[in-house]
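*Asks:* Okay, handing you the structure first.
Numbering (full-length UniProt numbering), first residue to last: 1 to 205.
Right under this line is the structure:
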């Protein structure tokens with residue numbers, strides 16, 4: 001029993017989703033507070049917070065009927081939600097990739113002009129945010145490891161598409177670093193990475 005108390009918040013979210021997917025039913029909060037500790041090892045005191053966080057992320061649906069509030073979530077709902085998020089991220093990555101190419105050309109023409117540098121800074125910062133979103137999304141996909149194989153196939157395909165887009169961005173960053181080394185040998189690449197918030201351990205996913 002003591003091992004159950006060591007669950008991280010993300011693990012509690014994952015287990016709560018598993019409970020919804022396995023039961024495929026509608027629940028009152030008080031019902032979840034009884035079931036979750038027994039079947040998923042989630043302490044009663046944290047059930048409300050976990051369920052609310054899932055509802056805030058649209059992973060769990062909720063509706064008030066009369067004076068009662070019901071919660072539910074089915075695998076089909078999760079599939080659609082994840083697919084929309086992945087499509088949105090892929091679209092953002094594509095747009096940022098096009099923008100980075102434009103900025104790179106401007107940098108080459110102007111030898112790191114002030115305005116171009118600021119634009120590239122913003123672009124790379126946006127890339128960093130997208131990578132964080134992607135990492136969070138990949139982590140949340142682990143919730144589906146025990147679900148229907150066909151559902152998992154959809155996520156594997158969509159996740160691979162997002163990985164491909166991330167790797168294109170990584171190529172672009174490596175190209176910029178190489179260009180900096182050639183054109184401005186006095187600039188330290190590590191300092192450059194820090195300036196633009198590029199992780200020192202950036203690599204392909």
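Glycine is no exception: its CB is placed at the ideal position from the N, C-alpha and C atoms. A quick note: this is a predicted structure, and the numbers were derived from the prediction, not measured.
Mapping the DSSP letters down to three states, classify residue 29 as helix, strand or coil.
*Replies:* Working through the chain shown from its first residue, we reach residue 29 at position 29. Of the three classes helix, strand and coil, the one that applies to residue 29 here is helix, per DSSP.
*Asks:* Between the Cα of residue 189 and the Cα atoms of 183, 177 and 182, which residue gives the shortest distance?
*Replies:* To locate residue 189, count along the chain shown from 1; it is residue 189. Cα-wise, what sits closest to residue 189 is 177.
*Asks:* Identify which residue in 57, 96, 26 and 50 has its Cα closest to the Cα of residue 63.
*Replies:* On the chain shown, position 63 is the one that residue 63 refers to. Nearest option by C-alpha distance: 26.
*Asks:* When the Cα atoms are used, what is the spatial distance from residue 68 to residue 28?
*Replies:* On the chain shown, residue 68 is found 68 positions in, with the first residue counted as 1. On the chain shown, residue 28 is found 28 positions in, with the first residue counted as 1. Approximately 7 Å, taken between the alpha carbons.
*Asks:* Can you list, in chain order, the residues of its chain with a C-beta nearer than 7 Å to that of residue 13? Leave out the 5 residues immediately preceding and following it.
*Replies:* Translated into the one-based positions of the chain shown, residue 13 becomes position 13. The residues are 50, 53 and 54.
*Asks:* With distance defined between alpha-carbon atoms, name the residue in 36, 71, 126 and 22 nearest to residue 95.
*Replies:* Here residue 95 corresponds to residue number 95 of the chain shown, with the count starting at 1. The shortest C-alpha separation from residue 95 is found at 126.
*Asks:* Any chance you could list the beta strand (DSSP E) runs of at least 3 consecutive residues sitting entirely within the UniProt domain "Mnd1 HTH" (16–75), in chain order?
*Replies:* You should have 61–65 and 68–72.
*Asks:* Note down the Cα distance separating residue 115 from residue 171, rounded to an integer number of angstroms.
*Replies:* Stepping through the chain shown from its first residue, residue 115 is reached at position 115. Stepping through the chain shown from its first residue, residue 171 is reached at position 171. Residue placement at residue 115 is flagged as unreliable, the pLDDT there being 48, under the threshold of 50; the coordinate-derived value follows with that caveat. If you take the alpha carbons of residue 115 and residue 171, they lie about 23 Å apart.
*Asks:* Just how far apart, CA to CA, sit residue 40 and residue 8?
*Replies:* Taking the first residue of the chain shown as position 1, residue 40 is located at position 40. Taking the first residue of the chain shown as position 1, residue 8 is located at position 8. So the two alpha carbons sit approximately 13 Å from each other.
*Asks:* Just to confirm, are residue 15 and residue 35 a CB contact at a threshold of 7 Å?
*Replies:* Indexing the chain shown from 1 puts residue 15 at position 15. Indexing the chain shown from 1 puts residue 35 at position 35. The beta carbons of residue 15 and residue 35 sit no closer together than 7 Å.
*Asks:* Whole angstroms are fine: how far does the CA of residue 98 sit from the CA of residue 168?
*Replies:* Numbered from 1 along the chain shown, position 168 holds the residue referred to as residue 168. Numbered from 1 along the chain shown, position 98 holds the residue referred to as residue 98. Each residue's Cα considered, the two are about 11 Å apart.
*Asks:* Applying the 10 Å Cβ sphere with the 16-neighbour rule, what's the burial state of residue 132?
*Replies:* Here residue 132 refers to the residue found at position 132 of the chain shown. When all chains shown are included, residue 132 counts as exposed.
*Asks:* Quick one: what does DSSP say residue 115 is sitting in, helix, strand or coil?
*Replies:* By 1-based counting over the chain shown, the position of residue 115 is 115. Reliability fails at residue 115, whose pLDDT of 48 lies under 50, so the model's placement of it is uncertain and the value that follows must be treated cautiously. In this structure, DSSP gives residue 115 a helical state, which the three-state scheme calls helix.
*Asks:* Roughly how many angstroms lie between the CA atoms of residue 70 and residue 93, to the nearest whole one?
*Replies:* Translated into the one-based positions of the chain shown, residue 70 becomes position 70. Translated into the one-based positions of the chain shown, residue 93 becomes position 93. Those two C-alpha atoms are separated by around 37 Å.
*Asks:* To which residues of the same chain is residue 61 closer than 8 Å at the C-beta, ignoring the five residues directly before and after it?
*Replies:* Here residue 61 refers to the residue found at position 61 when the chain shown is read from its first residue. Take residue 61, set aside five residues on each side of it, and the residues of its chain with a beta-carbon closer than 8 Å to its own are 55, 71, 72, 73 and 77, in chain order.
*Asks:* By alpha-carbon positions, which one of 194, 180 and 10 ends up nearest to residue 46?
*Replies:* The sequence position of residue 46 within the chain shown is 46, counting from 1. Looking at the Cα atoms, 10 is the closest of the given residues.
*Asks:* When the Cα atoms are used, what is the spatial distance from residue 22 to residue 198?
*Replies:* By one-based count along the chain shown, residue 22 stands at place 22. By one-based count along the chain shown, residue 198 stands at place 198. Looking at the two C-alpha atoms, the distance is approximately 41 Å.
*Asks:* Tell me which residues share the same chain as residue 33 and place their Cβ nearer than 7 Å to its Cβ, disregarding the 5 neighbours each side in the sequence.
*Replies:* Residue mapping note: residue 33 aligns to position 33 of the chain shown, counting from 1. For residue 33, where only same-chain residues beyond five positions count, the Cβ hits under 7 Å are 44 and 47.
*Asks:* Look at the alpha carbon of residue 164 and the alpha carbon of residue 130, and state the distance between them as a whole number of angstroms.
*Replies:* One-based indexing of the chain shown puts residue 164 at position 164. One-based indexing of the chain shown puts residue 130 at position 130. Using only the alpha carbons, I get a separation of about 13 Å.
*Asks:* What is the DSSP secondary structure of residue 93, reduced to helix, strand or coil?
*Replies:* The count along the chain shown starts at 1 and reaches residue 93 at position 93. Assigned with DSSP and collapsed to three states, residue 93 falls in helix.
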